[in-house]
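Trainee: One line per chain: the protein sequences are A and B, in this order. Residue numbers for the first sequence follow numbering that gives the first Met the number 0, so the first one is 0 and each next one is one higher. Residue numbers for the second sequence follow numbering that gives the first Met the number 0, so the first one is 0 and each next one is one higher. By construction, the Cβ of each residue, glycine as well, lies at the ideal position given by its N, Cα and C atoms. Here it is: the structure, laid out below.
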Amino acid sequence: MKKLAISSAVALTLTTAASSAMAEDIKLGVFLGLTGPIESLVANMAPAAEQAIAEVSESGKLLDGSTVTAVRADTTCVDAAAATAAIERLITSDKVSGVVGGDCSGVTTAALTNVALPNGMVMISPSATSPALSTVEDNGLFFRTAPSDARQGVVMTEIISDKGYKEVALTYTNNDYGKGLADAFQTAFEAAGGTVTISAAHEDGKADYSAEVGALASAGGELLVVAGYIDQGGKGIIQGALDTGAFDTFVLPDGMVGDALPEAIGPDLNGSFGQAPGTDSPGAGKLVEMASGYDATSPFAAESYDAAALIMLAMQAAGSSDAGKYKDKVMDVANAPGEKILPGELAKGLEILASGGEIDYVGASNVELIGAGESAGNYREIEIKDGALSTVGYR
Amino acid sequence: MTEILNALALFSNFVLVPAIAYGSQLALGALGVTLVFGILRFSNFAHGDTMAFGTMLVILVTWWFQSLGLSLGPLPTALLALPFGIAGCAAFVLLSDRLVYKYYRKKKADPIIYLIASVGVMFVTNGVVRFIIGPDDQNFADGERFIIKARDFKTMTGLSEGISIKVSQGLTVVTMIIVVAALFWFLNKTRTGKSMRAYSDNEDLALLSGINPDKVVAVTWILAAALATIAGTLYGLDKSFKPFTYFQLLLPIFASAIVGGLGNPLGAIAGAFVIAFSEIMITYAYKRFAGYILPEDWVSGGLLQLLSTDYKFAVSFIILLLVLLFRPTGIFKGTGV
């Protein structure tokens, strides 16, 4: 009888200890394509996420002084098997409490359905934009600080129409991201009265795109929309189109926006334009000031910071680092009502939550989660001028 | 009349020029394969990666020359680095022969065993290349980019379609012609070349008449390495250098050699152009071309494209299969497969 009393007392203390969250060492996975087609974007995304993690960890305010460390894993962006193995490692071996990532839509879907969902792990992706992820079965575990490409298709249509173009050719990288964006854009553009002369896929990683460019040129159009990747086929298509004189002006969606492109192509790219998620909200500027060692204006860098911040704020709101408990709080901390929290103010947010208050995390990318937990979407309109990216406005 | 000229310009720009350049690059690759097959009697699967290895050496030397400020003016510096690449690649290939193939030659192994051994050499070469230069795209082209730009062509002729020819494309064709002429002269006129052909036709008779087999083998490997390095460098200048794409080139190169007739150098060249032209012509969309030459109401809204460009590699597969089914010795009579 006495033994039973002691053991139940021990069990009781254990459970209360778990729920009242004593200081612990929390690990967060940073699950991005460190190698592969968007590695030049990830070079700025991963440090942004890690900056949020360091900020919270140093404040000592999360869950009674818990520390947070980042564990990196490589999605490769394209290889679903490698990505699945990497997130498996994060969850089972590194025992992370949440995952910032994945990055590209295809590997993110694979990692979510194969590993995160069965293990009940929360994933917040900063950059997976496929419309299909809006309706994927996720048990409330998947969020994204990036908007769905359905929204990007509409924004891109508006930008092109405002410049007075009516007829475009369209090429996309042959995967979930490219196909999703191309379809979303084509639907939006045709609804707005424009014509898409051809919608042709291209494979990444080839040396020669002259056949693809030939087909696009034959279909014709005033502009070429390249829904591809900056380090891969997207660049090859643009180079090929310029070499043969097939197209002079290109529309660059988020996967193609980066300084590497004008550097690689040169002055011929001047006049091309596009858009990438971004905002002129005070938060974005604040992150740029805070950023050290990376470029916070690079696409998805702000979203990466916000994804990491959201996970940790949700943990604080739930009083637990258990994914099953804090998943329900992600939407609460991201949206109104509550005190607005900008980058660099994570400690303040944690304090308010600890005292039972409410916050509305605005962050660097003006976070507003809608629908099944995805960003409503703010876009930065860019144009290539004098061989460099320049921001011309926000939509 | 201008309609027809426009159609011709359009067709040249998107079909003729790229196909001729691509065909020349394939021809140089296929010549190497066919030479090894004709004289050493096996299909060398490592040829694509030998190309990558030679090109890698050329790139490294090019970078060194660029840092020294050496250049060829409008021509790419890589041409200057080419002899060094060929020498290094030949040394590497001779080393692989000494370490791998010599053993099987002594044992008089079946061609299929050579083939499997060459697959092993292929993977090792591939690994060495990735280890030294990395798996990424490398850019080493410099000098002028265009012989004629599409825009300049348009203003010059007043046509609404332009033709652009890149320096690398012109260089490819010129180099191919020089190399092929030199190779045929060597095989037909020199003593070493004749002894190689004798060795290829009948090994026993050749040995009886006092031909040194070691010399024949070594010269064959050096020629194969030279052809591989030249083909790889031209391909890299024209497109881009990435180890993986050289591995993928193996299929069209073998298709070219087999379609033309394995072991027959003329066939390799013909086969290369057949493959290059069919890959590009079958996947080209003729909508705009038809718009110029056909009466307006004949042209429908379709793209007039036989196959989507996704199926480009499938075209060489299909041609390969058809040739193997109906004419296994190839267009020109080769040894057969």
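Is R196/B close to chain A? Criterion is C-beta to C-beta, closer than 8 Å.
Mentor: Output row for R196/B: interface = no.
Trainee: So the alpha helix (DSSP H) S39/A belongs to, where does it begin and stop?
Mentor: Here the alpha helix (DSSP H) through S39/A covers E38 to S58.
Trainee: Does any heavy atom of the ligand MN sit closer than 7 Å to the C-beta of A72/A?
Mentor: Annotation note on the ligand MN: not contained in the displayed structure, which lists no ligands.
Trainee: Could you check the C-alpha separation between A20/A and I52/A for me, to the nearest Å?
Mentor: Here the model assigns A20/A a pLDDT of 48, short of 50, so the residue's position is not dependable and the matter cannot be decided.
Trainee: Is there a Cβ from chain B that is less than 8 Å from the Cβ of S271/A?
Mentor: It does not: the Cβ of S271/A has no partner Cβ on chain B nearer than 8 Å.
Trainee: What residues of chain A sit near R287/B, judged by a beta carbon separation below 9 Å?
Mentor: What R287/B touches in chain A: A216, S217, A218 and G219.
Trainee: Got a sec, what are the start and stop residues for the beta strand (DSSP E) Y100/A sits in?
Mentor: Reading off the sequence, residue 100/A comes out as Gly, not Tyr. Run containing G100/A: G97 to G100, per the beta strand (DSSP E) assignment.
Trainee: Apart from the five residues on each side of it in sequence, which residues of its chain come closer than 7 Å, Cβ to Cβ, to G68/B?
Mentor: Nothing listed; no residue qualifies.
Trainee: What does S198/A pair with, by DSSP beta-bridge criteria?
Mentor: Partner(s): L169/A.
Trainee: Across which residues does DSSP place M122/A in a beta bridge pair?
Mentor: V98/A and F141/A.
Trainee: Taking the C-alpha atoms as reference points, what is the distance between I320/A and K326/A?
Mentor: Note that residue 320/A corresponds to Ser in the displayed sequence, not to Ile. Approximately 10 Å between the Cα atoms of the pair.
Trainee: Which class does V127/B belong to by DSSP, given the choice of helix, strand or coil?
Mentor: DSSP places V127/B in helix when its eight states are reduced to three.
Trainee: Residues in the region 186–205 of chain A with C-beta within 9 Å of chain B's C-beta atoms, listed in sequence order?
Mentor: Taking 9 Å as the Cβ-Cβ cut-off against chain B, the residues of the region 186–205 of chain A that qualify are T196, I197, A199, A200, H201, E202, G204 and K205.
Trainee: Please determine, among T128/A, A80/A, P130/A and G152/A, the residue with the shortest C-alpha to C-alpha distance to E189/A.
Mentor: The residue with the shortest Cα to Cα distance from E189/A is G152/A.
Trainee: So which of D294/A, M122/A, E23/A and L40/A has the shortest CA-CA distance to M255/A?
Mentor: The shortest C-alpha separation from M255/A is found at L40/A.
Trainee: Taking F316/B as the reference, give the member of L265/B, V258/B, A267/B and E160/B with the closest Cα.
Mentor: The shortest Cα separation from F316/B among L265/B, V258/B, A267/B and E160/B belongs to V258/B.
Trainee: Quick one: what does DSSP say Y21/B is sitting in, helix, strand or coil?
Mentor: In this structure, Y21/B counts as helix in the three-state DSSP scheme.
Trainee: Got a sec: which bits of the region 225–245 of chain A sit with their beta carbon under 7 Å from any beta carbon on chain B, in order along the chain?
Mentor: Taking 7 Å as the Cβ-Cβ cut-off against chain B, the residues of the region 225–245 of chain A that qualify are D242, T243 and G244.
Trainee: Whether or not the region 195–204 of chain B and the region 269–286 of chain A are in contact is what I'm after, with contact meaning three or more pairs of Cβ atoms, one per stretch, closer than 8 Å; do they touch?
Mentor: With a cut-off of 8 Å, the region 195–204 of chain B and the region 269–286 of chain A do not count as touching, because too few Cβ pairs lie within range.
Trainee: Going by C-alpha distance, which of G257/A, S96/A and T248/A is nearest G270/A?
Mentor: Residue T248/A is the option with its Cα nearest to G270/A.
Trainee: Excluding the five sequence neighbours on either side, which residues of its own chain have a C-beta within less than 8 Å of the C-beta of G119/A, listed in chain order?
Mentor: Cβ neighbours of G119/A beyond the five flanking positions: N138, L140, A322 and G323.
Trainee: Any idea what DSSP makes of A108/B, helix, strand or coil?
Mentor: Note: A108/B maps to coil in three-state DSSP.
Trainee: What residues in its chain sit with their C-beta under 7 Å from that of G231/B, if we drop five residues either side in the sequence?
Mentor: Hits under 7 Å: M50, A51, G53, T54 and Y245.
Trainee: Mind checking the region 161–190 of chain B against chain A and listing, in chain order, the residues whose C-beta falls within less than 8 Å of any C-beta there?
Mentor: Correct list: G161, S163 and K165.
Trainee: If you pair each beta-carbon of the region 358–365 of chain A with each one of the region 336–346 of chain A, do three or more pairs fall below 8 Å?
Mentor: Yes: at least three Cβ pairs fall under 8 Å.
Trainee: Just how far apart, CA to CA, sit L312/A and P276/A?
Mentor: Approximately 22 Å, taken between the alpha carbons.
Trainee: Does any C-beta atom of chain A lie closer than 8 Å to the C-beta of A129/B?
Mentor: Note that residue 129/B is Arg in the sequence shown, not Ala. No, R129/B lies away from the interface with chain A (no Cβ there is under 8 Å from its Cβ).
Trainee: Quick one: is N365/A buried, meaning 16 or more other Cβ sit within 10 Å of its Cβ, or exposed?
Mentor: That one is buried.
Trainee: So, does the region 264–281 of chain B touch the region 307–322 of chain B, judging by three or more C-beta pairs under 8 Å?
Mentor: Enough Cβ pairs lie closer than 8 Å, so yes.
Trainee: Please identify, using Cβ separations under 8 Å, the residues of the region 49–70 of chain B that lie next to chain A, in order along the chain.
Mentor: Under the 8 Å Cβ criterion, the region 49–70 of chain B contributes no residue.
Trainee: Strictly under 8 Å for the Cβ-Cβ distance: is L81/B near chain A by that measure?
Mentor: Closer than 8 Å: no.
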